[in-house]
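First up is the structure itself, then whatever we jot down about it.
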Amino acid sequence: MEYVHDIKLILGAKKANTKSRLLNESVTIAKFEEKFQITTMVDVDSDGKPSKEKMSKLTVYSIAKDKSKTSLGEADLNLCDYGENDYRNLKLPLRKCDDSAAYIEVAIRGTQAQEKTPRGRESIDSNNQLSMALEDLEKEKRATKKIKQDKEEQIRTLTEKINTLQTNLENTKTEVAHLHKQKRGLTEDKERMDKETESLKKKVELRDLSIADKDHEIQKIKDKQKEFEQKFQELNNQIENKKNQTLKEIAEAHQRLEETVKQVRKFYDYERFDIDYLGDAVLFSKADVPQSQNQVVITTPGSRQYRGR
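Plus 306 on top of the position in the sequence shown (first one is 1) and you've got the numbering used here.
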């Protein structure tokens with residue numbers, strides 16, 4: 307069964323959703339390489355440090371094909387745990403989750419408010435967001451190209467291995483044909499010896515020769531017959547072992563190739579999702595900004611990981 311997963315950040319009346327992703331139920335770790343922003347104000351003291359907490363809630367949802375939504379877990383994020391002008395990575399445990407080890411990873415940073423008017427802040431935030439979005443997009447393009455090249459190299463290597471195994475298979479078939487030819491020769495020798503044994507037995511009966519001497523000759527023939535039967539069995543075993551080994555190598559190579567192709571297909575499916583970095587940015591009106599306090603603007607772009615059942 308497949309599910310659509312997404313993540314929602316709630317800060318008071320503000321909400322920001324990531325793009326949804328289609329995941330198989332066997333997936334235990336899901337990576338959302340996206341960024342979204344909510345701009346807010348944090349009260350700071352004279353040293354520029356937050357004077358009180360400002361909590362928000364991150365929720366991970368599973369959405370079935372019938373559009374029904376199920377919460378997989380929640381995490382509390384204190385926006386005061388920012389790094390000024392530098393991202394701080396935070397690993398937050400998920401509450402209300404079946405997997406006690408599940409977590410979500412986010413990165414946040416804070417910037418000083420440089421304009422007192424909403425229009426000035428709007429211009430600065432828009433420029434910063436656009437610059438960050440373009441820079442992140444370029445990084446992701448380079449990473450995507452590198453991943454694609456790695457996958458193509460893996461496929462090329464596996465294809466070469468399969469070609470080598472197919473060549474080995476043809477060589478093995480030739481060897482098996484040669485062994486079959488030897489087997490036929492031994493079979494003919496065995497039949498000839500069986501006839502000779504019968505002939506000797508009849509000669510013993512007809513000529514009234516010394517039973518002891520004839521028994522000795524017959525025993526020698528039986529010993530040779532036994533020796534040929536052992537060689538015959540050994541050749542059969544060699545043929546069967548060579549066949550099983552070759553079939554196993556081919557099956558393993560095909561399985562590795564199929565796994566690699568599946569990974570590439572998943573990667574291309576993920577690459578088709580659109581990423582909207584700026585669509586969830588929220589700007590303040592004049593009523594949102596206290597005029598008598600120091601303020602810090604918090605943006606919360608980041609990479610998040612969820613590992614669940």
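Where is the CB? At the ideal position from N, CA and C, for every residue including glycine.
Quiz item: Between D349 and K363, is the Cβ-Cβ spacing less than 9 Å?
Solution: Residue mapping note: residue 349 aligns to position 43 of the sequence shown, counting from 1. Residue mapping note: residue 363 aligns to position 57 of the sequence shown, counting from 1. Cβ atoms of D349 and K363: not closer than 9 Å.
Quiz item: Is it a yes or a no for the segment 535 to 544 touching the segment 492 to 504, going by three-plus beta-carbon pairs under 8 Å?
Solution: When Cβ pairs closer than 8 Å are counted between the two stretches, the segment 535 to 544 is seen to touch the segment 492 to 504, the count reaching three or more.
Exercise. With a cut-off of 8 Å on the beta carbons, I'd call G379 and R401 a contact; round off their distance for me.
Key: Reading the sequence shown from its first residue, position 73 is the one you call residue 379. Reading the sequence shown from its first residue, position 95 is the one you call residue 401. About 6 Å; that satisfies the 8 Å criterion.
Quiz item: Is DSSP giving D349 helix, strand or coil here?
Solution: Translated into positions along the sequence shown, residue 349 becomes position 43. Here D349 sits in strand by DSSP.
Quiz item: Excluding five sequence neighbours on each side, which residues of the same chain lie with their C-beta closer than 7 Å to the C-beta of L485?
Solution: Mapped onto the sequence shown, residue 485 falls at position 179. So the list reads L541, Q544 and I545, once near-sequence residues are dropped.
Self-check item: C-beta contact flag for I461 and V567 at 9 Å
Solution: Along the sequence shown, one-based indexing puts residue 461 at 155. Along the sequence shown, one-based indexing puts residue 567 at 261. Yes, Cβ-Cβ distance for I461 and V567 is below 9 Å.
Self-check item: Three CB pairs or more closer than 8 Å across the segment 518 to 529 and the segment 452 to 461
Solution: When C-beta atoms of the segment 518 to 529 are compared with those of the segment 452 to 461, fewer than three pairs fall below 8 Å, so the two segments do not count as touching.
Exercise. Taking 9 Å as the cut-off, decide whether the C-beta atoms of L383 and M347 are in contact.
Key: Mapped onto the sequence shown, residue 383 falls at position 77. Mapped onto the sequence shown, residue 347 falls at position 41. No.
Quiz prompt | T552 versus T480 - alpha carbon distance | solution = Here residue 552 refers to the residue found at position 246 when the sequence shown is read from its first residue. Here residue 480 refers to the residue found at position 174 when the sequence shown is read from its first residue. Taking C-alpha positions only, T552 is separated from T480 by approximately 13 Å.
Quiz item: If you run the structure through DSSP and keep just helix, strand and coil, what is L512?
Solution: Taking the sequence shown and counting its residues from 1, one reaches residue 512 at position 206. DSSP places L512 in helix when its eight states are reduced to three.
Quiz item: Which same chain residues, not among the five before or five after M499, have their C-beta less than 8 Å away from its C-beta?
Solution: As a working mapping, residue 499 is identified with position 193 in the sequence shown. Only residues of its own chain outside the window of five on either side were considered, and among them I527, K530, Q531 and F534 have a CB closer than 8 Å to the CB of M499, listed in chain order.
Quiz prompt | Distance between T365 and E446 (C-alpha atoms, nearest Å) | solution = Working through the sequence shown from its first residue, we reach residue 446 at position 140. Working through the sequence shown from its first residue, we reach residue 365 at position 59. E446 and T365: Cα-Cα distance of roughly 25 Å.
Quiz item: Pick from C403, K501 and I556: whose alpha carbon is nearest that of N474?
Solution: As a first step, residue 474 must be located in the sequence shown, where it is residue number 168. N474 has its Cα closest to that of I556, out of C403, K501 and I556.
Quiz item: Is the CB-CB distance between Y367 and K375 below 9 Å?
Solution: Along the sequence shown, one-based indexing puts residue 367 at 61. Along the sequence shown, one-based indexing puts residue 375 at 69. Result yes, Cβ atoms of Y367 and K375 sit closer than 9 Å.
Quiz item: How many angstroms separate the CA atom of A449 from the CA atom of L464?
Solution: In the sequence shown, residue 449 corresponds to position 143, counting from 1. In the sequence shown, residue 464 corresponds to position 158, counting from 1. Rounded to whole angstroms, A449 and L464 show a C-alpha spacing of 23 Å.
Exercise. Helix, strand or coil for K375, going by three-state DSSP, please let me know.
Key: Indexing the sequence shown from 1 puts residue 375 at position 69. K375: strand per DSSP, three-state reduction.
Quiz prompt | Counted within 10 angstroms of its Cβ, other Cβ atoms place A408 as buried (16 or more) or exposed | solution = For this step, residue 408 is matched to residue 102 along the sequence shown. A408 comes out buried.
Quiz item: So what does R394 bridge to, in DSSP terms?
Solution: Counting from one through the sequence shown, the residue named residue 394 turns up at place 88. For R394, which the question treats as bridged, DSSP gives the partners I414.
Practice problem: Could you tell me the distance, in whole angstroms, from the CA atom of S505 to the CA atom of K520? | Solution: As a first step, residue 505 is located in the sequence shown; it is residue number 199 there, counting from the start. As a first step, residue 520 is located in the sequence shown; it is residue number 214 there, counting from the start. Rounded to whole angstroms, S505 to K520 spans 12 Å at the Cα level.
Exercise. Please state whether DSSP places G585 in a helix, a strand or coil.
Key: In the sequence shown, the residue the question calls residue 585 occupies position 279. In this prediction, G585 scores a pLDDT of 47, lower than 50, which makes its location untrustworthy; no coordinate-derived value is stated.
Exercise. For A669, count neighbouring C-beta atoms within 10 Å of its own C-beta (all shown protein chains included) and say buried if the count is 16 or more, exposed if not.
Key: Not covered by the structure: residue 669. The range shown for the chain is 307 to 615.
Practice problem: Would you decide whether L443 is buried or exposed? Buried here means 16 or more other CB atoms lie within 10 Å of its CB. | Solution: Position 137 of the sequence shown, counted from the start, is the residue given in the question as residue 443. Exposed, since its Cβ has fewer than 16 Cβ neighbours within 10 Å.
Quiz item: What separation, rounded to the nearest whole angstrom, lies between the Cα atoms of N547 and T478?
Solution: One-based indexing of the sequence shown puts residue 547 at position 241. One-based indexing of the sequence shown puts residue 478 at position 172. Inter-residue distance for N547 and T478 is about 11 Å (C-alpha atoms, whole angstroms).
Quiz prompt | DSSP state of F590 mapped onto helix, strand, coil | solution = For the purposes of this step, residue 590 is taken as the residue at position 284 of the sequence shown. Low confidence applies to F590: its pLDDT is 44, below 50, so where it sits in the model is not reliable enough to give any reading.
Quiz item: Among all the DSSP beta bridges, which residues are the ones paired with R401?
Solution: Taking the first residue of the sequence shown as 1, we reach residue 401 at position 95. DSSP lists E380 as the beta-bridge partner residues of R401.
Quiz prompt | Cut-off 6 Å between Cβ atoms - residues of its own chain near A559, not counting five sequence neighbours on either side | solution = On the sequence shown, position 253 is the one that residue 559 refers to. Here A559 has K467, I468 and L471 as same chain residues with Cβ atoms under 6 Å from its own Cβ, once five neighbours each way along the sequence are excluded.
Practice problem: Using a threshold of 9 Å, state whether the C-beta atoms of I410 and K397 are closer than that. | Solution: By 1-based counting over the sequence shown, the position of residue 410 is 104. By 1-based counting over the sequence shown, the position of residue 397 is 91. With respect to the 9 Å criterion, I410 and K397 are classified as neighbours on the basis of their beta carbons.
Quiz item: Distance, Cα to Cα, K592 vs N395?
Solution: Reading the sequence shown from its first residue, position 286 is the one you call residue 592. Reading the sequence shown from its first residue, position 89 is the one you call residue 395. Because K592 carries a pLDDT of 47, less than 50, the predicted location of this residue cannot be relied on, and no value is offered for it.
Quiz item: What separation, rounded to the nearest whole angstrom, lies between the Cα atoms of C403 and E476?
Solution: Against the sequence shown, residue 403 aligns to sequence position 97. Against the sequence shown, residue 476 aligns to sequence position 170. A direct Cα-Cα distance of roughly 55 Å separates C403 from E476.
Exercise. Have a look at K373 and E441 and give me their C-alpha separation to the nearest angstrom.
Key: Translated into the one-based positions of the sequence shown, residue 373 becomes position 67. Translated into the one-based positions of the sequence shown, residue 441 becomes position 135. Going by the C-alpha atoms only, they are around 34 Å apart.
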